[in-house]
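Residues in the sequence shown are numbered consecutively from 1, following my numbering.
As structure tokens, the structure follows; a few thoughts come after it.
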Amino acid sequence: MTAAHKILIVDDDPSILEVLDARLSASNFKVLKAKDAAGAEQILREHKGIDLLVSDIKMPGKSGIELFTDIRKFLPNLPVIFLTAYGTIPDAVDAMKLGAADYISKPFDGLELIKKINTMMALRGTGVGAGPMPLVESGFYWGKSAAMKHLYTMVKKVAVTQVNVLILGESGVGKECIAGCIHRNSPRHTQPYMVVDCGSTPAGILESELFGHLKGSFTHAVKDKIGLMQAADSGTLFLDEIGNISHDMQCRLLRFLEDKKIRQVGAVKEISVDCRVIAATNADLSQAIEEGSFRQDLYYRLKGITLTIPPLRERKEDIYPLASFFADRYAQTQGIERLRISDAAIKVLEEHSWPGNIRELKNTIEAGAVLCQNQTIEPWDLQIETIRENAVLTSDLRDSQAFSIEQSEKDTIIRALKKSRGVQKDAADLLGISKRAIHYKVRKYDIDPTVYK
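Following this line, the structure appears as structure tokens:
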């Protein structure tokens, strides 16, 4: 028979201690109690084998946060769940950043607390969340900058909890990659992971996509449909570009986050759904709240923990490693020899502002890989406008010729036509320009595409 897990509960309110004791004892946990931080610390030093600490944040004398900081010195791996009133949620979030396992708001749901505890106990010894995540994880390269090292640490801490996460960052920084990383390193990693693009889905369709609908509930509803929220039950729901949802959808989403129940379009009965919510946006939600376009209460429900991904221009030390990573991956997928990026091309990459962030860098390197010769990416292979204004590159030009904008452009078009065997549409796709533009350039430089068929 498996020994009962030992849980220490700490609260200065005797009635809460009794409620917690009754709940935990009924779930076959062995319970130890303390009315303040000093008593809790004494118990932790005298009793071996305590598996979990449940503590209030606000207590007379030493606070729960101070208790947590002290016990980390001699019990660094003891999981801690904080009980927090609405006004102390920011304190609980700060504790999560320091390494606390989770928090639950007062008045708390006893069943929710038991579920969190059971999940944590089941994870002990499984290795989930233990050890460093790989530097390259499912196609996402973390980088070497201090900002990304900090984000790496935060994601590792957050992943093993059940708390909702709000990911902020400009377009192209990798918000969806971070969301997927959190799910794959979480206790829910074997359960569904559902992605919803709130930015590109019309409001009327988004409601059906998220909540599902019953047959006949509206025109074209020819059969019942399970929504993505229900499909994500026991797993993770990722809401991308959450800042774009309508006011009505904000209300429905808020209600779901509060009671974990949904009602399909056209239905009367509610369905309970247990899914972790990760949301992301490139919008300034604080400004949207001030303007009245985004609900403040929804914002606080979503931001259990907020992760901000810095733009690429603020971590230039990651540009070259990322470029090399994308070049190596392209060579591997295409089955070609390893690509080299010249020093002159690296200079151009590091001086560019990258408004499209990592997505733009990836596309730039892949275009350069297509257009380069002798497995070396040069500045003229990069589809970056600023190469025309950057520092002198004369010494790096082929055949030691002076740099000519028009000649470089003509050579690039010819290389694209060679790659596409003279098909102008395919060459335009490689160059990232329209068919009309390449037709104009071909006429301008008097190029005969049929020569390259």
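Note that the Cβ used here is the ideal one computed from N, Cα and C, for glycine as well.
- When C-alpha distances from leucine 257 are compared across Phe211, Leu20, Thr281, the shortest belongs to Phe211.
- Following the DSSP letters along the chain, one finds valine 442 inside the alpha helix (DSSP H) bounded by residues 435-444.
- Straight through space, the alpha carbons of serine 186 and valine 160 are spaced by roughly 5 Å.
- One Cα belongs to isoleucine 319, the other to tyrosine 141, and the distance between them is close to 11 Å.
- The Cβ atoms of serine 27 and asparagine 118 lie closer than 9 Å to each other.
- Within the stretch 282-320, the runs of alpha helix (DSSP H) at least 4 residues long that lie entirely inside it are, in chain order, 285-291, 296-302.
- Boundaries for phenylalanine 74: no alpha helix (DSSP H) harbours it, and the DSSP string shows neither H nor E there.
- Your pair cysteine 275 and leucine 237 checks out as a contact, with CB atoms roughly 5 Å apart and the cut at 8 Å.
- Counting along the chain, the unbroken alpha helix (DSSP H) around phenylalanine 211 starts and ends at 203-211.
- Just measuring C-alpha positions, the residue of Ile182, Arg340, Leu67, Gly169 sitting nearest asparagine 282 is Gly169.
- Rounded to whole angstroms, glutamate 41 and isoleucine 9 show a C-alpha spacing of 11 Å.
- When secondary structure is reduced to three states using DSSP, methionine 59 falls in the coil class, being assigned neither helix nor strand.
- Of the residues assessed, glutamine 383 falls on the buried side of the cut-off, its CB having 16 or more other CB atoms within 10 angstroms.
- A straight line joining the alpha-carbon of glycine 266 with that of lysine 215 spans about 8 Å.
- Listed in chain order, the non-local C-beta contacts of lysine 62 below 6 Å within the same chain comprise Ala37, local neighbours out to five positions each way being set aside.
- Rounded to the nearest angstrom, the gap between the Cα atoms of aspartate 11 and phenylalanine 82 is 10 Å.
- Contact between the stretch 329-338 and the stretch 290-303 is absent: fewer than three C-beta pairs spanning the two stretches fall below 8 Å.
- Between alanine 427 and glutamate 378, the gap from beta carbon to beta carbon reaches 9 Å or more.
- Shown here, leucine 237 sits in a strand according to DSSP, grouped into three states.
- Per DSSP, valine 31 lies in no alpha helix (DSSP H) segment; the continuous beta strand (DSSP E) that holds it begins and ends at 30-34.
- With 16 or more neighbouring CB atoms inside 10 Å of its own CB, arginine 301 falls in the buried class.
- In the three-state DSSP reduction, lysine 225 falls in the strand class (E or B).
- When only Cα atoms are considered, cysteine 251 and alanine 288 end up about 15 Å apart.
- Just so you know, the alpha carbons of isoleucine 309 and valine 173 end up roughly 7 Å apart.
- Taking aspartate 224 as reference, the option from Gln230, His213, Ala231, Ser234 with the minimal CA-CA separation is His213.
- Taking the Cα of leucine 312 as reference, the smallest distance to any Cα among Ala147, Val196, Leu254 is reached at Ala147.
- Cβ contact annotation for arginine 359 (same chain, cutoff 7 Å, sequence separation greater than five): Gly172, in chain order.
- If you look at phenylalanine 256, you'll find it in the alpha helix (DSSP H) that goes 247-259.
- For aspartate 381, the three-state secondary structure derived from DSSP is helix.
- The secondary-structure analysis by DSSP pairs glutamine 373 across a beta bridge with Thr376.
- Residue pairing of methionine 194 in beta bridges, as defined by DSSP: Leu237.
- Secondary structure in the stretch 329-355: the alpha helix (DSSP H) runs of 4 residues or longer, each lying completely within the stretch, are 343-351 in chain order.
- With respect to proline 449, glycine 432 sits apart: the two C-beta atoms are not nearer than 9 Å.
- In the structure shown, lysine 6 falls within a strand segment according to DSSP collapsed to helix, strand and coil.
- In terms of Cβ geometry, isoleucine 57 and isoleucine 65 form a close pair [threshold 9 Å].
- Isoleucine 167 and lysine 175 have their C-alpha atoms roughly 6 Å apart.
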